[in-house]
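These notes are about the structure you will find just below.
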Amino acid sequence: ALIDPHVHFRVPGGEHKEDWQTGARAAIAGGVTTVFDMPNNTPACTTADRLEEKTSLIEAQLTEANTPLRYHLYLGASETTIGEITRAHGKYIGIKVFLGQSTGDLLMDKPEVFARVCKTAAELGAIVAVHCEDEAVMQQKKQSLAPEELADVRNHPRIRDREAAIVALQNAIAMGKKYGTKLYILHASTKEEVELIRQAKRDGLNIALETTPHHLFLNETAFATLGTKAQMNPPLRTREDQTALWAGINDGTIDTIGTDHAPHTLEEKAKPYGQAPSGVPGIETILPLFLTAVRDGKLTLDQLTRVTRINAEKFFGLKRNDDVVLVDMNTIKKVNGAMLQTKSKWSPFEGWELVGWPVYTILRGQIFKVQ
Ligand code: DOR
Ligand code: ZN
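Below, the structure is given as structure tokens:
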């Protein structure tokens with residue numbers, strides 16, 4: 178079964194989008210038995226106490242759902258809670274840093290604070306997971322666009338320009354070099370990020386790179402048909418970037434696929450650009466997307482097991498489990514958002530014909546019939 182190192186299950190504060198009952202069902206339906214949940218909740222999960230409170234809420238919801246999903250939580254880094262990195266050590270899987278503003282109020286736009294986070298983490302041997310989009314670059318790009326341009330979702334990749342991703346990643350790599358921090362780079366979207374990590378690994382840095390299903394399977398032409406349903410941070414990029422991401426999967430530069438399962442309701446996504454939130458659900462479609470890609474020769478089954486499980490297990494130091502997902506490689510089925518378990522009930526891959534849908538997921542010896 179899969180490990181998804183990047184989900185937003187929205188507890189506490191965003192339960193109308195997802196909770197751990199619907200999230201766990203969605204995970205199992207997707208063949209995922211371990212998730213790492215992000216801290217951009219309301220309130221943000223930035224302290225040992227909040228980690229504890231969040232854990233109690235999750236435990237209650239998983240018990241209610243009768244689904245003993247495996248999970249780990251990220252601690253959100255913020256300027257006023259740096260001490261919590263040490264206080265909560267052992268209770269989190271990694272420390273999440275947003276170098277640019279996204280959903281929620283976690284933002285770390287001061288380089289000296291980011292440096293303190295990286296130094297503290299290095300001393301503890303903790304992993305820093307970085308959302309690489311530089312806030313200053315994004316503000317600059319925003320100011321260069323006219324009001325009508327700022328109202329057009331097709332400009333999402335101009336505002337959150339690739340340069341923001343590149344500059345932020347360069348800064349993160351510099352921190353890794355300076356302090357020896359173990360870095361997990363979230364959702365790579367550009368060819369330049371793949372190349373920077375390829376070089377960083379050659380230089381011997383302890384660094385892992387994640388990308389997402391949507392950055393591999395979609396590009397910015399999707400705005401024409403999907404509108405704000407194709408809006409997420411970092412944005413979709415070009416065909417050339419997609420090609421580079423696939424090359425990164427094939428040569429091992431990219432270590433993991435995180436779905437960045439970021440559910441928002443259809444009502445929220447129907448708002449005009451500027452008001453619609455960024456993010457797409459993805460935990461139930463990851464496996465059929467990639468198994469269809471295996472069928473089509475885009476990656477091998479061995480590579481798929483590495484990027485969806487083995488590499489995350491190694492990098493984050495998880496104990497091996499014997500969870501399994503059984504899939505059907507013969508039946509072609511269309512993605513149907515309304516049939517998904519996620520509370521958000523939609524998918525950016527609506528109508529795609531895919532093979533490799535999970536049939537049974539086995540979690541801690543418990544058999545879940547998925548379809
Ligand atoms: O698209 C995104 N959605 N990117 C993020 O950084 C956050 C996420 C969310 O929580 O909605
Ligand atoms: Zn995310």
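In the working numbering, the protein residues as written are 178 to 548.
Glycine included, each C-beta is placed from N, C-alpha and C at the ideal position.
{"Check": "Are the Cβ atoms of residue 262 and residue 290 separated by less than 9 Å?", "Outcome": "no"}
{"Check": "Should residue 371 be labelled buried (16 or more other beta-carbon atoms within 10 Å of its own) or exposed?", "Outcome": "buried"}
{"Check": "Quick one: residues with CB closer than 6 Å to any heavy atom of ligand 2, in chain order, please.", "Outcome": "183, 185, 215, 437 and 439"}
{"Check": "Since residue 359 and residue 383 are thought to touch, with beta carbons under 8 Å apart, how far apart are those beta carbons, to the nearest angstrom?", "Outcome": "5 Å"}
{"Check": "Please find out if some non-hydrogen atom of ligand 1 comes closer than 8 Å to the beta-carbon of residue 315.", "Outcome": "no"}
{"Check": "Using 8 Å for Cβ pairs, my map puts residue 280 next to residue 217. What's the rounded Cβ distance?", "Outcome": "6 Å"}
{"Check": "Determine the DSSP secondary structure at residue 356, reduced to helix, strand or coil.", "Outcome": "helix"}
{"Check": "Measure the C-alpha to C-alpha separation of residue 542 and residue 500 and round it to an integer number of angstroms.", "Outcome": "7 Å"}
{"Check": "Out of 403, 492 and 235, which one is the CA nearest neighbour of residue 453?", "Outcome": "403"}
{"Check": "If you scan the segment 201–244 from start to end, which runs of the beta strand (DSSP E) of 3 or more residues do you find wholly inside it?", "Outcome": "209–214"}
{"Check": "When the distance is taken between beta carbons, is residue 238 closer than 9 Å to residue 201?", "Outcome": "yes"}
{"Check": "Between the alpha carbons of residue 488 and residue 323, how many angstroms are there, rounded?", "Outcome": "44 Å"}
{"Check": "Please tell me whether, using a cut-off of 8 Å, the distance from the CB of residue 266 to the nearest non-hydrogen atom of ligand 1 is below it.", "Outcome": "no"}
{"Check": "With distances taken Cα to Cα, identify the nearest neighbour of residue 268 among 253, 276, 545 and 417.", "Outcome": "253"}
{"Check": "Cα-Cα, which of 518, 522 and 536 is closest to residue 504?", "Outcome": "536"}
{"Check": "Based on Cα-Cα distance, which residue from 506, 528 and 508 lies nearest to residue 516?", "Outcome": "528"}
{"Check": "On the DSSP bridge list, what partners appear for residue 505?", "Outcome": "534"}
{"Check": "If I follow the unbroken beta strand (DSSP E) through residue 392, where does it start and stop?", "Outcome": "No beta strand (DSSP E) contains residue 392, which is instead part of the alpha helix (DSSP H) from 390–394."}
{"Check": "Could you give the DSSP three-state label for residue 433: helix, strand or coil?", "Outcome": "strand"}
{"Check": "Say yes only if the C-beta of residue 188 is nearer than 8 Å to one or more non-hydrogen atoms of ligand 1, and no if none qualify.", "Outcome": "no"}
{"Check": "Near residue 345, what residues of its chain come up, given a Cβ to Cβ distance below 6 Å and the 5 sequence neighbours on each side ignored?", "Outcome": "276, 309, 310 and 311"}
{"Check": "Which stretch, first to last residue, makes up the alpha helix (DSSP H) that contains residue 290?", "Outcome": "288–301"}
{"Check": "Compute the minimum distance between the beta carbon of residue 280 and the heavy atoms of ligand 1, and state whether it is under 8 Å.", "Outcome": "yes"}
{"Check": "When you measure from the CB of residue 455 to every non-hydrogen atom of ligand 1, does any distance come out below 8 Å?", "Outcome": "yes"}
{"Check": "Have a look at residue 420 and residue 233 and give me their C-alpha separation to the nearest angstrom.", "Outcome": "42 Å"}
{"Check": "Return yes when the C-beta of residue 409 is under 8 Å from any heavy atom of ligand 1, and no when it is not.", "Outcome": "yes"}
{"Check": "Buried or exposed: residue 376, going by 16 or more other Cβ atoms within 10 Å of its Cβ?", "Outcome": "exposed"}
{"Check": "Within this structure, are the beta carbons of residue 465 and residue 519 separated by less than 9 Å?", "Outcome": "no"}
{"Check": "Could you give the residue range of the alpha helix (DSSP H) that holds residue 324?", "Outcome": "324–327"}
{"Check": "Check each candidate in 473, 525, 296 and 521 and name the one with the smallest Cα separation from residue 533.", "Outcome": "473"}
{"Check": "For residue 424, which of 442, 477, 242 and 447 has the nearest alpha-carbon?", "Outcome": "477"}
{"Check": "Any heavy atom of ligand 1 closer than 8 Å to the Cβ of residue 217?", "Outcome": "yes"}
{"Check": "Measure the alpha-carbon distance for residue 455 versus residue 380 and round it to whole angstroms.", "Outcome": "34 Å"}
{"Check": "Report the option in 321, 270 and 255 whose CA atom is closest to the CA atom of residue 292.", "Outcome": "255"}
{"Check": "So residue 441 packs on residue 194, CB below 8 Å; how close in whole Å?", "Outcome": "6 Å"}
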